[in-house]
Amino acid sequence: MALYALGDTHLAIGKDKPMDVFGPVWENHTEKLRQGFSKLNDDDLCVLCGDLSWGMGLEDTLEDFLFLNSLPGRKIILKGNHDYWWSTAAKARRFFADHGIDTIEILNNNSFVYGDFSLCGTRGWFYEEETGGAHDKKIMLREIGRLKTSLESAQTERKLVFLHYPPLYMSYRCDEILQLLREHKVEICCYGHIHGRGCRTAFNGMRDGCEFRLVSADYIGFEPVLLIP
Numbered sequence: 000m001a002l003y004a005l006g007d008t009h010l011a012i013g014k015d016k017p018m019d020v021f022g023p024v025w026e027n028h029t030e031k032l033r034q035g036f037s038k039l040n041d042d043d044l045c046v047l048c049g050d051l052s053w054g055m056g057l058e059d060t061l062e063d064f065l066f067l068n069s070l071p072g073r074k075i076i077l078k079g080n081h082d083y084w085w086s087t088a089a090k091a092r093r094f095f096a097d098h099g100i101d102t103i104e105i106l107n108n109n110s111f112v113y114g115d116f117s118l119c120g121t122r123g124w125f126y127e128e129e130t131g132g133a134h135d136k137k138i139m140l141r142e143i144g145r146l147k148t149s150l151e152s153a154q155t156e157r158k159l160v161f162l163h164y165p166p167l168y169m170s171y172r173c174d175e176i177l178q179l180l181r182e183h184k185v186e187i188c189c190y191g192h193i194h195g196r197g198c199r200t201a202f203n204g205m206r207d208g209c210e211f212r213l214v215s216a217d218y219i220g221f222e223p224v225l226l227i228p
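Quick note: the sequence shown, position 38, residue 37 per numbering that gives the first Met the number 0, numbers continuous.
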């Protein structure tokens with residue numbers, strides 16, 4: 000059993016949402032994901048770091064989640080900024096159960112145990128990039144609270160964190176999230192959201208004892224990144 004991560008599948012199966020408008024790397028990306036996941040075994044686990052489906056409501060996502068469900072391995076998902084279908088985790092869980100989607104679990108105000116590690120996380124937020132003022136501050140505080148809840152629910156000493164938004168990007172720093180990573184001695188923090196030219200300036204490496212990894216699907220060739228063999 001191995002642990003992997005991948006972000007930003009941006010699925011739109013059966014919908015008029017061609018991803019190749021974002022560059023040739025996205026051409027036929029659903030098939031690229033199928034090929035990338037072919038290296039996983041059914042008992043492996045992959046954390047999907049948000050921006051899963053372009054569906055505007057849960058019913059619009061059915062084909063996308065049936066596709067993810069058909070891929071090898073178990074999956075843990077978290078919310079991204081383009082997951083407009085997401086209302087509550089409870090509704091998503093009921094939707095999955097009603098449609099026989101049985102390989103997908105949700106990371107939201109909770110954590111999962113994987114061997115010696117607890118898998119924690121939340122969406123995060125780019126507070127300085129947004130223009131909503133007090134509204135954006137409220138969202139950021141809520142995301143910080145969710146990460147704190149997730150980390151405090153951990154059942155093991157060793158922890159990994161999965162976000163959608165990077166807590167570090169060029170001159171941007173989310174000090175509150177970085178502080179939580181330090182306090183809980185998080186060993187690896189995976190994130191997505193960054194694409195195209197932005198990947199060149201994404202932070203990959205060690206900071207304060209934590210290894211940061213960009214796992215956006217286009218950046219990693221649509222093949223899940225191995226974290227723990």
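Ideal placement from N, C-alpha and C gives every residue a C-beta, glycine not left out.
A quick note: this is a predicted structure, and the numbers were derived from the prediction, not measured.
query                                                                                                                                                : result
Check the C-beta distance from Ala-1 over to Leu-225 and give it rounded, since I have them as a contact under 8 Å.                                  : 6 Å
Using the three-state DSSP reduction, which class does Glu-62 fall into: helix, strand or coil?                                                      : helix
Taking a contact to mean a Cβ-Cβ separation below 8 Å, would you say Ile-103 touches Phe-116 in this structure?                                      : no
Starting from Thr-4 and walking both ways along the beta strand (DSSP E), at which residues does that stretch end?                                   : It should be pointed out that residue 4 corresponds to Ala in this sequence rather than to Thr. Start and end: 2-5.
Counting C-beta neighbours from all protein chains within 10 Å, is the total for Ala-216 16 or more, i.e. buried, or is it exposed?                  : buried
Quick check: the Cα distance between Val-185 and Asp-207, rounded to an integer number of angstroms?                                                 : 10 Å
Among Cys-198, Leu-70 and Asp-7, whose alpha-carbon lies nearest the alpha-carbon of Asp-42?                                                         : Leu-70
For Trp-84 versus Gly-49, is the C-beta spacing smaller than 8 Å?                                                                                    : no
Around the C-beta of Thr-121, are 16 or more other C-beta atoms found within 10 angstroms, so that it is buried, or is it exposed?                   : buried
Could you tell me if Asp-15 is buried or exposed, where buried requires 16 or more neighbouring beta carbons within 10 angstroms of its beta carbon? : exposed
Does Thr-60 pass the burial test, meaning 16 or more other C-beta atoms within 10 Å, or should it be called exposed?                                 : buried
Check whether the segment 134-142 and the segment 13-27 touch, using three or more Cβ-Cβ pairs below 8 Å as the test.                                : no
What does DSSP give as the partner residue(s) for Arg-141 in the beta ladder?                                                                        : None; Arg-141 has no bridge partner.
For the alpha helix (DSSP H) that Arg-181 lies in, which residues bound it at each end?                                                              : 174-182
Taking the continuous alpha helix (DSSP H) assigned at Glu-30, which residues delimit it?                                                            : 28-36
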